[in-house]
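Notes follow once the structure below has been shown.
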Ligand code: ATP
Ligand code: MG
């Protein structure tokens, strides 16, 4: 399984619709300070369901929408699409290519879709949860995150291990079932 492409439209500094082709192997993003390198990583986390505005380096979620520059008006929505090559079948879905998209509207409301079909956030999280790309992603290691692992207490460390082992998904399902 590998990430094939990432498309950004109105996400943070990407006011101009931009598609990045992601080849297998190591990808380096280079550019001057403030040119949007970290915004690309934020977009990756966001489309996979990230809910923490702080993780995305903003104060609230609407901060991911292009806020405008002196020469360019703000936009009303942010949209990110991630295409994943699933010919290996690692994702539990019957498609060799899977496209996840997330849209957030400035006026409120957001949408998720898998291969064009509207889904819930939960569906995106479950689709990705056995790949390590789920809810609290261990595939994106941000600054300071290693510190967090090293400083975790026993309970937090257990949550890391459960997420990595794929147990957390079942625990959450059980919690949801018991609540109903
Ligand atoms: P560095 O090398 O310093 O880490 P970088 O290439 O990682 O820089 P980013 O942090 O990705 O840079 O981009 C920061 C830029 O994105 C800033 O100029 C900021 O104004 C812009 N930006 C962030 N959010 C928005 C938004 N909602 N609307 C418009 N521009 C935004
Ligand atoms: Mg950066």
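In my numbering, the protein residues as written are -18 to 161.
Glycine included, C-beta positions come from ideal geometry on N, C-alpha and C.
* **Quiz: which residues have CB nearer than 6 Å to the ligand MG non-hydrogen atoms** => 18, 19
* What residues in its chain sit with their C-beta under 8 Å from that of residue 65, if we drop five residues either side in the sequence? -> On the chain shown, position 84 is the one that residue 65 refers to. Once the five neighbours on either side are set aside, the close Cβ partners of residue 65 are -18, -17, -16, -15, 72, 78, 79, 80, 81.
* **Of the residues 111, 47, 42, the one placed nearest residue -5, counting alpha carbons only** => As a working note, residue -5 is residue 14 in the chain shown. With distances taken between Cα atoms, residue -5 lies closest to 47.
* To do: With distances taken Cα to Cα, identify the nearest neighbour of residue -11 among 104, 25, 120.
  => The count along the chain shown starts at 1 and reaches residue -11 at position 8. Taking only the C-alpha atoms, the option nearest residue -11 is 25.
* Asked: Which same chain residues, not among the five before or five after residue 108, have their C-beta less than 8 Å away from its C-beta?
  -> Along the chain shown, read from residue 1 onward, the residue named residue 108 stands at position 127. Here the set comprises 72, 73, 74, 79, 81, 95.
* **Pick from 28, 111, 62, 61 that is closest to residue 142, judged by C-alpha positions** => Walking along the chain shown from the start, residue 142 turns up at place 161. Closest by alpha carbon: 111.
* Span of the beta strand (DSSP E), counted from its first residue to its last, around residue 78 -> Counting from 1 along the chain shown, the entry for residue 78 is found at position 97. It spans 78 to 86 - the beta strand (DSSP E) in which residue 78 sits, taken as one unbroken run.
* Asked: Quick one: is residue 41 buried, meaning 16 or more other Cβ sit within 10 Å of its Cβ, or exposed?
  -> The residue given as residue 41 occupies position 60 in the chain shown. So residue 41 ends up on the exposed side.
* To do: With a 10 Å radius around its C-beta and 16 neighbouring C-beta atoms as the bar for buried, classify residue 37 as buried or exposed.
  => Against the chain shown, residue 37 aligns to sequence position 56. Per the 10 Å Cβ criterion, buried.
* Asked: Just the Cα atoms here: how many angstroms apart are residue 2 and residue 69?
  -> Stepping through the chain shown from its first residue, residue 2 is reached at position 21. Stepping through the chain shown from its first residue, residue 69 is reached at position 88. Distance between the alpha carbons of residue 2 and residue 69 is about 19 Å.
* **Close beta carbons around residue 67, own chain, < 8 Å, minus the five adjacent residues each side** => As a first step, residue 67 must be located in the chain shown, where it is residue number 86. Closer than 8 Å at the Cβ level, and outside the excluded window around residue 67, lie -18, 74, 76, 77, 78, 79.
* Within 10 angstroms of its Cβ, does residue 135 collect 16 or more other Cβ (buried), or is it exposed? -> Start at 1 with the first residue of the chain shown, and residue 135 comes out as number 154. By the neighbour-count rule (16 or more Cβ atoms within 10 Å), residue 135 is not buried but exposed.
* Any chance you could list the alpha helix (DSSP H) runs of at least 4 consecutive residues sitting entirely within the stretch 24 to 49, in chain order? => none
* Alpha carbon to alpha carbon, how far is residue 34 from residue 44? -> Translated into the one-based positions of the chain shown, residue 34 becomes position 53. Translated into the one-based positions of the chain shown, residue 44 becomes position 63. About 8 Å.
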